[in-house]
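In what follows, a structure is listed as structure tokens, so that the remarks can point back to it.
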Amino acid sequence: MNDNNTARFTRKGRATQARIVDVAAKLMFQRGAAGTSIDEVRNAAAVSGSQISHYFRDKRDLTRKVISARRDDVRQFHSQPKLGALDSFEALQAWAEANVADINGVYRKGGCVYGSLASELVEADAEIHGDLATGYDEWIELFYAGLTEMRQRGDLRPDADPRHLAVSLVAAHQGGAMLTYITDSPEPLRAAVNAAVEYVRSFAPTSRKPRPATRRKSRG
Amino acid sequence: MVQADLHDDRRLTAKGRATRDRIVRAAAELVLSDGLSALNMDALRKAASVSGSQLAHYFTDKGALIRAIVARQTDVVLDFHRQPKLRALDTFDDFERWIDLNMRYLRRIGYSGTPTYHGLAGQLGKSDQATRDTLAAGYAQWIELLENVIQRMKDHGVLIAHADPRKLALVIVSAHQGGATLAFTYRAEWPHADAVRFAVNYLRTFATDPAERVPRPPRHPRGRRVKPAAP
Numbered sequence: 001m002n003d004n005n006t007a008r009f010t011r012k013g014r015a016t017q018a019r020i021v022d023v024a025a026k027l028m029f030q031r032g033a034a035g036t037s038i039d040e041v042r043n044a045a046a047v048s049g050s051q052i053s054h055y056f057r058d059k060r061d062l063t064r065k066v067i068s069a070r071r072d073d074v075r076q077f078h079s080q081p082k083l084g085a086l087d088s089f090e091a092l093q094a095w096a097e098a099n100v101a102d103i104n105g106v107y108r109k110g111g112c113v114y115g116s117l118a119s120e121l122v123e124a125d126a127e128i129h130g131d132l133a134t135g136y137d138e139w140i141e142l143f144y145a146g147l148t149e150m151r152q153r154g155d156l157r158p159d160a161d162p163r164h165l166a167v168s169l170v171a172a173h174q175g176g177a178m179l180t181y182i183t184d185s186p187e188p189l190r191a192a193v194n195a196a197v198e199y200v201r202s203f204a205p206t207s208r209k210p211r212p213a214t215r216r217k218s219r220g
Numbered sequence: 221m222v223q224a225d226l227h228d229d230r231r232l233t234a235k236g237r238a239t240r241d242r243i244v245r246a247a248a249e250l251v252l253s254d255g256l257s258a259l260n261m262d263a264l265r266k267a268a269s270v271s272g273s274q275l276a277h278y279f280t281d282k283g284a285l286i287r288a289i290v291a292r293q294t295d296v297v298l299d300f301h302r303q304p305k306l307r308a309l310d311t312f313d314d315f316e317r318w319i320d321l322n323m324r325y326l327r328r329i330g331y332s333g334t335p336t337y338h339g340l341a342g343q344l345g346k347s348d349q350a351t352r353d354t355l356a357a358g359y360a361q362w363i364e365l366l367e368n369v370i371q372r373m374k375d376h377g378v379l380i381a382h383a384d385p386r387k388l389a390l391v392i393v394s395a396h397q398g399g400a401t402l403a404f405t406y407r408a409e410w411p412h413a414d415a416v417r418f419a420v421n422y423l424r425t426f427a428t429d430p431a432e433r434v435p436r437p438p439r440h441p442r443g444r445r446v447k448p449a450a451p
């Protein structure tokens with residue numbers, strides 16, 4: 001979506017652009033988007049000013065490319081093999097544990113790589129909100145697909161609402177990450193992601209009779 | 221530091237407090253619309269219609285001003301939880317009202333132009349350690365308030381002995397802040413509705429009464445449909 005001007009670069013050019021985005025993403029993670037200037041990115045990436053303006057129209061353009069890169073990071077995190085298709089209690093617990101394992105290395109240093117951008121850019125323009133919402137859509141969809149599968153399989157009761165549970169998992173993570181960063185304590189994120197997974201578990205059927213596959217219309 | 225600022229506040233006359241509050245409000249709005257870097261004393265003087273010497277009288281530096289902005293927002297959050305409609309916030313009915321009032325508040329302030337705690341945390345969190353500490357102090361007060369009400373629910377036998385008030389308080393505040401972050405990104409209320417519903421339903425999983433343990437569905441219009449105004 002915001003990469004429509006990337007195609008005109010050579011492979012080497014795209015690599016340089018990606019490297020600058022990576023440097024900018026790291027700086028923004030440490031100091032925030034507002035606290036990161038184009039000049040600082042230029043220095044940290046050791047590129048010239050004309051190179052920067054060749055690859056990025058302005059700071060806003062750079063910020064949008066950082067959002068896009070962080071969206072990829074979130075997708076990548078959720079496609080680690082141990083998380084499977086996020087379609088079992090074990091996989092969801094592994095998700096909670098993978099987040100907890102990153103608390104000192106990531107969350108206490110700058111919060112969520114994605115959420116800290118979203119929460120900082122709260123007053124940004126509609127296009128940037130659209131970019132950020134698209135990332136959340138993808139994230140929610142990852143959980144939604146797995147939870148829908150679980151309900152069809154009978155791991156979750158018919159009254160479990162996969163969309164509500166998916167949003168709950170993401171929201172718990174985002175708030176927990178925010179509090180863990182601000183308070184510099186592992187407690188909030190740990191409590192939040194574990195609670196969200198327990199919440200999903202609370203929708204398990206009480207008697208685990210195998211349930212015939214539902215005749216629900218197949219999900220897109 | 222928050223303490224010292226509060227003491228300053230108490231030394232002021234009623235008129236002085238009103239002026240100070242006007243400055244803090246204007247400062248919060250400036251930060252909100254243009255970011256922390258836009259918060260310079262000149263812009264603030266104009267926005268709050270005060271003189272430079274008045275400004276200097278109330279706030280010795282930008283740091284003190286930022287701490288005052290955060291402290292003011294902390295009061296907004298704490299006052300929200302202490303409003304009479306929520307009573308002692310120590311029954312599930314009170315927490316259901318907490319959900320309604322949260323959604324009503326969100327509808328009232330909209331997604332732009334009014335400072336919020338998650339917005340300040342997002343916008344100021346990465347500026348410097350002192351600001352982060354002030355934001356953390358606000359969260360600590362909010363968490364403590366909820367910890368106390370949840371302890372009371374345990375004492376009254378509403379929650380089982382196994383319920384951990386601190387953990388539950390952390391979950392509720394986290395869910396609230398995460399839901400708000402998503403709601404403000406989507407410019408839609410459904411993420412917040414899901415998040416606060418999760419928080420209260422999770423609390424319900426620790427209910428002593430089996431009827432209270434039953435999860436309630438989130439109350440929100442799906443998608444971006446706007447509910448017609450109540451007659």
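Just so you know, the sequences run in chain order A and B. So for the first sequence, this note's numbering puts the first residue at 1; every next one is plus one. So for the second sequence, this note's numbering puts the first residue at 221; every next one is plus one. Every residue, glycine too, gets a C-beta built ideally from N, C-alpha and C.
Cutoff 8 Å: serine 218/A Cβ touching any chain B Cβ: Note on serine 218/A: pLDDT 46, under 50, position unreliable in the model; the coordinate value appears next. Chain B contact via Cβ: absent.
Nearest neighbour of phenylalanine 426/B, chosen from Val393/B, Phe312/B, Ser332/B and Thr354/B [CA to CA]: Phe312/B
Cutoff 7 Å; reference leucine 92/A; Cβ partners in own chain excluding five residues on either side: Leu86, Val197 and Val200
Aspartate 314/B - containing alpha helix (DSSP H), residue span: 312-329
Per-residue burial, alanine 126/A [other beta carbons within 10 Å of its own, 16 or more giving buried]: exposed
Length of the line joining the Cα atoms of proline 435/B and asparagine 421/B: 5 Å
Helix, strand or coil at alanine 454/B according to DSSP, with G and I counted as helix: There is no way to answer for residue 454/B, as the model of chain B reaches only from 221 to 451.
Where alanine 124/A falls, given that 16 or more other Cβ within 10 Å makes a residue buried: buried
Whole-angstrom distance between alanine 389/B and glycine 377/B, CA atom to CA atom: 17 Å
Segment contact flag, the stretch 101-116 of chain A with the stretch 181-193 of chain A, C-beta cutoff 8 Å, min 3 pairs: yes
Local conformation of threonine 16/A per DSSP, three classes: helix
Leucine 379/B - partner residues in DSSP beta bridges: Ala427/B
Tyrosine 199/A: contacting residues in chain B (beta-carbon distance under 8 Å): Phe418, Asn421, Tyr422 and Thr425
Nearest-angstrom Cα separation, counted from serine 48/A out to glycine 13/A: 14 Å
Nearest candidate by alpha-carbon position, reference proline 452/B, set Asp375/B, Ala431/B, Arg417/B and Arg424/B: Because chain B in this structure spans residues 221 to 451, residue 452/B falls outside the shown range and cannot be described.
Arginine 231/B versus aspartate 254/B - alpha carbon distance: The alpha-carbon atoms of arginine 231/B and aspartate 254/B are separated by roughly 31 Å.
Extent of the continuous alpha helix (DSSP H) to which arginine 57/A belongs: Where arginine 57/A is concerned, there is no enclosing alpha helix (DSSP H), given that its DSSP letter is neither H nor E.
Cross-chain neighbours of glutamate 187/A in chain B, by beta carbon under 9 Å: Arg386, Lys387 and Leu390
Contact list for aspartate 161/A against chain B, beta-carbon separation under 8 Å: Pro437 and Pro438
Within 8 Å, strictly: CB atoms of leucine 132/A and isoleucine 67/A: yes
Contacting positions in the stretch 238-253 of chain B - beta carbon closer than 9 Å to chain A: Leu252 and Ser253
Cβ-based neighbour list, leucine 321/B, same chain, cut-off 6 Å, excluding 5 preceding and 5 following: none
Residues in the stretch 137-154 of chain A having any Cβ partner in chain B nearer than 8 Å: From the stretch 137-154 of chain A, no residue has a Cβ closer than 8 Å to chain B.
Buried or exposed (CB count within 10 angstroms, at least 16 for buried), lysine 82/A: Result: exposed.
Contacting residues, own chain, Cβ-Cβ under 6 Å from threonine 10/A (five flanking each side not counted): none
Residues near arginine 433/B in its chain [Cβ-Cβ closer than 7 Å; skip 5 each side]: If we look at arginine 433/B and ignore the five residues flanking it on each side, its Cβ neighbours are Arg424, Thr425 and Ala427.
First and last residue of the uninterrupted alpha helix (DSSP H) at isoleucine 103/A: No alpha helix (DSSP H) contains isoleucine 103/A, which DSSP labels as neither H nor E.
Of the listed residues His129/A, Glu149/A, Phe29/A and Tyr114/A, nearest to glutamine 76/A (C-alpha basis): Tyr114/A
Beta-carbon proximity list for alanine 381/B, same chain, < 8 Å, skipping 5 on both sides: Lys374
Partner residues on chain A for serine 269/B, Cβ-Cβ distance less than 7 Å: Within 7 Å Cβ-Cβ: nothing; serine 269/B doesn't reach chain A, min ~23 Å.
Whether histidine 129/A touches threonine 405/B by CB criterion (8 Å): yes
Integer-rounded CB distance, given that proline 205/A should sit under 8 Å from serine 394/B: In fact, because the Cβ distance is near 28 Å, the residues do not count as touching under 8 Å.
Buried or exposed (CB count within 10 angstroms, at least 16 for buried), serine 168/A: buried
Distance, tryptophan 318/B Cα to arginine 324/B Cα: When rounded, the distance between both Cα atoms is 10 Å.
Selected residue, minimal CA-CA separation from tryptophan 410/B, among Met261/B, Thr336/B and Tyr331/B: Tyr331/B
Chain B within 8 Å of glutamate 40/A, Cβ atoms only: no
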